[in-house]
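Working notes for the structure below.
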Amino acid sequence: MAREKQETPLSPVAQMFISPGLYSVIVFTLGFKTRCNPSVIVEGIKNTWIKLPRFSSKVVMDDKKNGKAVWVPVSIRVEDHVVVPDLDHSNIENPDEFIEEYTSHMANTPMDMSRPLWEFHILNIKTSNAESLGIGKFHHSLGDGMSLMSLLYASSRKTSDPDAFPTTATTRKHVESKNSWWLVAKFWFIIMVLFTTFVEMCKFLVTLCYMRDTKTPLVGKSGDEIKSRKVIHRIISFEDVKLVKNTMKMKVNDVLLGMTQAGLSKYLSKKYDDKNPRAGNTKQILDKIRLRGTVAVNLRPATKVEDLADMMTKGSKCRWGNFIGLVVFPLWIRCEDDPLEYVRRAKTTMDKKKISMEPLLSYGIVKLIMKVFGEKVVEAIAMRMFGHTTMTFSNVLGPNEDISFFNHPMCYIAASALSGPHALIIHYVSYVDKLIINLAVDTAVIPDPHLLCDNLVESLNIMKLAALEKGLPKMEV
Numbered sequence: 001m002a003r004e005k006q007e008t009p010l011s012p013v014a015q016m017f018i019s020p021g022l023y024s025v026i027v028f029t030l031g032f033k034t035r036c037n038p039s040v041i042v043e044g045i046k047n048t049w050i051k052l053p054r055f056s057s058k059v060v061m062d063d064k065k066n067g068k069a070v071w072v073p074v075s076i077r078v079e080d081h082v083v084v085p086d087l088d089h090s091n092i093e094n095p096d097e098f099i100e101e102y103t104s105h106m107a108n109t110p111m112d113m114s115r116p117l118w119e120f121h122i123l124n125i126k127t128s129n130a131e132s133l134g135i136g137k138f139h140h141s142l143g144d145g146m147s148l149m150s151l152l153y154a155s156s157r158k159t160s161d162p163d164a165f166p167t168t169a170t171t172r173k174h175v176e177s178k179n180s181w182w183l184v185a186k187f188w189f190i191i192m193v194l195f196t197t198f199v200e201m202c203k204f205l206v207t208l209c210y211m212r213d214t215k216t217p218l219v220g221k222s223g224d225e226i227k228s229r230k231v232i233h234r235i236i237s238f239e240d241v242k243l244v245k246n247t248m249k250m251k252v253n254d255v256l257l258g259m260t261q262a263g264l265s266k267y268l269s270k271k272y273d274d275k276n277p278r279a280g281n282t283k284q285i286l287d288k289i290r291l292r293g294t295v296a297v298n299l300r301p302a303t304k305v306e307d308l309a310d311m312m313t314k315g316s317k318c319r320w321g322n323f324i325g326l327v328v329f330p331l332w333i334r335c336e337d338d339p340l341e342y343v344r345r346a347k348t349t350m351d352k353k354k355i356s357m358e359p360l361l362s363y364g365i366v367k368l369i370m371k372v373f374g375e376k377v378v379e380a381i382a383m384r385m386f387g388h389t390t391m392t393f394s395n396v397l398g399p400n401e402d403i404s405f406f407n408h409p410m411c412y413i414a415a416s417a418l419s420g421p422h423a424l425i426i427h428y429v430s431y432v433d434k435l436i437i438n439l440a441v442d443t444a445v446i447p448d449p450h451l452l453c454d455n456l457v458e459s460l461n462i463m464k465l466a467a468l469e470k471g472l473p474k475m476e477v
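All residue numbers for the sequence shown refer to UniProt numbering, where the first residue is 1 and numbers rise by one.
Put into structure tokens, the structure is as follows:
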């Protein structure tokens, strides 16, 4: 009876993530400016992470509840989850390449479902970007990207003020002017929300039912399982993104989506040119491509650092777990003469998505179907949605000041959420003045992820030059 009272059912989205077809993990890398002290990190984890029930519970299929998964508390020894590999540094010729292989191996190794679903590896190896590294692996059922970012905030402090939490960039709130036209504008906005939601949900359902993306070098064969993923990351200047953002008077997300569209267009253009060097019809081929991505959207109303840190405590206004919706985002794959056109297209599409209730409805649909029909039906629907689209995309704004993780000064954060049958997953994470591009690819489909990453970086550089030609604006603080 005591055990039953302690058991907690998994949320509908967490239930979906533990299904065999949608096995999902989050792999992240923390770069440190100094060598790691494993005992300090172990002690820090004992004082923070273990306070969360999910980090000291395992997933069990409860026969008494029709085979549904539940969290069952277990006794845990933190040292068993913190791995300090014995590295032969003399045989490591290229540390950066070694870390890529190590991270990719972690991503491809199934987790032991008989114990709490997390692990943290400490590598005292110097790379081109860090003196040492911490590489973590969490099962996605533990929480989404925002939940796990809150874990980082709760485990960190500003290097300039060891007693203060990190800070992130805040979004300015629009203050409504309640003049005589306020009610008219409010009514018109509601009409726009309802109409846009209807249109976007129709597209969502059409995609789910039958509309597939065009077969391109980014898409695997239908029905093929991903046997091996390659996980890489690249660090570039976040200031370049902000320059384009301020010049175009748009959001960071618009620039990152524009950069993604331009980079994928460049990559596919090269692939088709290599395949048909004499055809000269690459532009016509790209014009006919339908390529869409699934974008994860955080549904929490509060995302300030204090709210994120409060997710570690009971009674928080900010929800821990997987509280994300899904939108289907059409990507503009074209040969554009004006590189900033990719950003304009991204903004136009994203503006529609922002006023649509598509992510909230998609989350509600998953909950309803899970409750009525069970996880098998939800898994089949999710697999169909992923099978009809090409890639997964997301971005997370990280700390805008230098922080220390359990007294270890950090220099960057990289993270990838590996989920579903997509051959391409792109995540962007910012840290102070750096932007970290994270790619997780199916090597059978995309054997050259570094080339794709080069195309993304080159596209941003071209956008930056185009923005500079417009005149350098005042940089926002």
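C-beta atoms are modelled at their ideal positions from N, C-alpha and C, and glycine is treated no differently.
For M463, the uninterrupted alpha helix (DSSP H) run begins and ends at 449-469, by DSSP. Closest in alpha carbon position to V241, among N395, D88, V72, F189, is N395. For the pair K266 and T282, the Cα-to-Cα distance works out to about 11 Å. With a threshold of 16 other beta carbon atoms within 10 Å, A440 meets it and is buried. The Cβ-Cβ distance between V42 and V82 falls below 8 Å. Here DSSP, grouped into helix, strand and coil, assigns I333 to coil. R212 places its beta carbon 8 Å or farther from that of H450. Counting of Cβ neighbours within 10 angstroms places Q6 among the exposed residues, the total staying below 16. With a 10 Å radius around the Cβ and a threshold of 16 neighbouring Cβ atoms, H139 comes out buried. Contact annotation: the segment 10-30 touches the segment 135-155, with at least three C-beta pairs closer than 8 Å.
Secondary structure note for K288: it is in no beta strand (DSSP E), with a DSSP letter that is neither H nor E. The beta carbon of Y431 is closer than 7 Å to those of G398, P399, Y412, I413 in its chain, skipping five residues each way along the sequence. Residue state for L243 is assigned as helix, using DSSP reduced to three classes. Ranked by Cα distance from P73, the options K58, P409, V343 are led by K58. For H105, the enclosing alpha helix (DSSP H) starts and ends at 95-108. When secondary structure is reduced to three states using DSSP, A14 falls in the helix class. For a cut-off of 8 Å, the C-beta gap from L340 to A466 is around 5 Å, short enough to register as a contact. Boundaries around R229 are those of the beta strand (DSSP E), 229-237, since no alpha helix (DSSP H) includes it.
Along the length of the segment 338-364, whole alpha helix (DSSP H) runs at least 4 residues long occupy 341-354, reported in chain order. Across the structure, L268 and P38 are spaced so that their CA atoms are roughly 44 Å apart. The C-beta distance from I425 to A417 rounds to 7 Å, short enough to fall under 8 Å. A direct Cα-to-Cα measurement between N108 and I236 gives close to 26 Å.
Among the bridge pairs identified by DSSP, I413 is matched with L30. Scanning its chain for C-beta atoms nearer than 8 Å, with the 5 sequence neighbours on each side dropped, one finds around P12 the residues V366, K367, M370, K371, V378, in chain order.
Judged by their CB atoms, I76 and P116 are nearer to each other than the 8 Å cut-off. For V255, the enclosing alpha helix (DSSP H) has its first and last residue at 252-275.
Rounded to whole angstroms, the separation of the alpha carbons of A185 and P421 is 43 Å.
Going by C-alpha positions, S56 is about 54 Å away from K470. An exposed status is given to N47, since fewer than 16 other beta-carbon atoms sit within 10 Å of its beta-carbon. Across the structure, D433 and E401 are spaced so that their CA atoms are roughly 9 Å apart.
In summary, D254 is buried, with 16 or more beta-carbon neighbours lying within 10 Å of its beta-carbon over all protein chains present.
Of the candidates S356, K126, D163, K126 places its Cα closest to the Cα of P95. Counting other Cβ atoms within 10 Å of its Cβ, H233 reaches 16 or more and is therefore classed as buried. In this structure, DSSP gives N281 a state outside helix and strand, which the three-state scheme calls coil. Contact check for M201 against L360 fails: the beta carbons are separated by 8 Å or more.
Nearest Cα to L30 within the set N461, D448, N455, N407: N407.
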